[in-house]
Every structure is written in C-alpha cells, then in structure tokens.
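*Asks:* Listed in order, the protein sequences are those of chains A and B. Here the first sequence is numbered in the numbering used here, starting from 1 and rising by one per residue. Here the second sequence is numbered in the numbering used here, starting from 1001 and rising by one per residue.
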Amino acid sequence: ETGVTQSPTHLIKTRGQQVTLRCSSQSGHNTVSWYQQALGQGPQFIFQYYREEENGRGNFPPRFSGLQFPNYSSELNVNALELDDSALYLCASRPGTGITGELFFGEGSRLTVL
Amino acid sequence: AQTVTQSQPEMSVQEAETVTLSCTYDTSESDYYLFWYKQPPSRQMILVIRQEAYKQQNATENRFSVNFQKAAKSFSLKISDSQLGDAAMYFCAYRSANSGYALNFGKGTSLLVTP
Chain A
1 ETGVTQSPTH
11 LIKTRGQQVT
21 LRCSSQSGHN
31 TVSWYQQALG
41 QGPQFIFQYY
51 REEENGRGNF
61 PPRFSGLQFP
71 NYSSELNVNA
81 LELDDSALYL
91 CASRPGTGIT
101 GELFFGEGSR
111 LTVL
Chain B
1001 AQTVTQSQPE
1011 MSVQEAETVT
1021 LSCTYDTSES
1031 DYYLFWYKQP
1041 PSRQMILVIR
1051 QEAYKQQNAT
1061 ENRFSVNFQK
1071 AAKSFSLKIS
1081 DSQLGDAAMY
1091 FCAYRSANSG
1101 YALNFGKGTS
1111 LLVTP
C-alpha cells in the first residue's frame, strides 16, 4: 500500500471529449508527477508539480494539463481526446524534490477513447 | 535523450530458482540513478531496488540484487529464490541527476514464475 489513490479506475470517453483524472497523495508529499503507460509499453513522463506549480514536462502537447492542490491532491486534464490517448495514467508522489526520494505510485486510471 | 532498453519481453523461472533480467541504457551523463520497478496485475508500480551511478558497489535488497556495469551501461536485476509472488512486469528506469525529475522507463520484461 503506497498511500496514493487514483480515481476513476476505469473510464471510457469518445474522441474530442475532455477528461479529468484525480490523484490523492500522502500527507507531506508535495511533489506529484503523472505518467502515461500505453498497452505493452513502459510509462512515459507527462509532467511534474511541486508546491502547486509545474516544474517539469515531458514530450506531451499543451492539451495535457494539470493542477495540484494544497491538500496533496492533484488532477490531470486532457482536452480534445484522441484515440492514441487510450492508456493507463499513473500518478506518483514523493516528499520534496530530492533526487533519491522514492516515488510512490497509484494503481492508475485506465482511459479508453473510442 | 536517455533511452532504456530491455531486450527480454518475457522470462520464465521455476520457483526457488534464480533469474536475471537485463537492462541497458544510453546516456552521455556521468551522474544518474537507476531503478528496477515491479508492476503486478494490480498495476501499482513498486520500487524493487535503486542504484546510484557514483557508487561502485552493487545494490542489494534481500533476494534482489543488481549487476551494475557503468562502462558497459548495463544494469541487470537478479532475483534469487524466486517466489510465485515475484510474477509481474519488471521495468528498468533511468533518472538524470542534473534534470532530475523524470523517470525514463524501458518497455518492461514480463516474469512468469512456475511451481
């Protein structure tokens, strides 16, 4: 048990729609990052938030955006959904920005875009 | 950009035996961190073991150990006394020490443990 919970666990959307995925981290975990894991692939880094500000981003377009809240919860928003956005979305958190700090992952939200 | 390669899509081991999972990476940096993560069917990624590149000594965590060859850019995971609960996807991951937030993952190796 990592103390990171994500919701919803599964959802289905149609192309062009918007989706919001949610993550709740452990108290004190002020760094949260999001990863996209396509079927049969390793996770790909989307972005990271530290103290409610984005401080790192992978190779994802601006229609992927996020929010982090003071209560250690966060959101991943994806606009104008495309078929290729179908994937498992993983949230991971840790205390501070320390390089060696262990990342604690949630169980992910499985998004299917039709 | 750093790339991580896991050349074994699937591996199989008998219970109580030893198995080694391979990982190679490509980087021009001298300071970085390497990880092995386990992802069971529950989908939750769990850290198995971590290695700092500046340390020559190979990391060990109970039945899990690594063979870190910095010059060869190789980072293999050895699982001793395999147990049924070890069955999962295993991902090798790289993190830069300089731009240090993102983990770069390989494509994973599916480990099957047979009784």
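Glycine included, every Cβ here is placed at the ideal spot set by N, Cα and C. Note that the structure is a prediction, hence the values are computed from the model and not measured.
(1) I'd like to know if G108(A) contacts chain B, where contact means its C-beta is closer than 8 Å to some C-beta of that chain.
(2) Can you name, in chain order, every residue of its own chain whose Cβ lies under 8 Å from the Cβ of Q18(A), other than the five neighbours on each side?
(3) To the nearest angstrom, how far is it from the Cα of S1030(B) to the Cα of K13(A)?
(4) What distance in whole Å lies between the Cβ atoms of T1109(B) and M1011(B), which are believed to be in contact at a cut-off of 8 Å?
(5) Would you call G1106(B) buried or exposed, if buried means 16 or more other Cβ atoms sit within 10 Å of its Cβ?
(6) Kindly list the residues whose CB is nearer than 6 Å to the CB of R110(A), restricted to its own chain and excluding five residues on each side of it in sequence; keep chain order.
(7) What does K1107(B) touch in chain A if you count any residue whose Cβ is under 8 Å from its own?
(8) Specify, as a first and last residue, the run of the beta strand (DSSP E) that L1021(B) falls within.
(9) DSSP puts A1097(B) in a beta bridge; with which residues?
(10) Please decide whether S1074(B) counts as near chain A, where near means a Cβ-Cβ distance under 8 Å.
(11) Could you list which residues in chain B have their beta carbon closer than 7 Å to that of S33(A), in chain order?
(12) Give the secondary structure of D1026(B) by DSSP, where H, G and I count as helix, E and B as strand, and everything else as coil.
*Replies:* In this structure, then:
(1) yes
(2) N77, V78, N79, A80, L81
(3) Those two C-alpha atoms are separated by around 44 Å.
(4) Confirmed, Cβ separation roughly 6 Å.
(5) buried
(6) H10, L88
(7) For K1107(B), the C-beta contacts it makes with chain A under 8 Å involve G40, Q41, G42, in order along the chain.
(8) 1019-1021
(9) Answer by DSSP bridge pairing: none, since A1097(B) is not bridged.
(10) no
(11) Chain order gives the chain B residues near S33(A) as Y1101, where near means a beta carbon separation below 7 Å.
(12) strand
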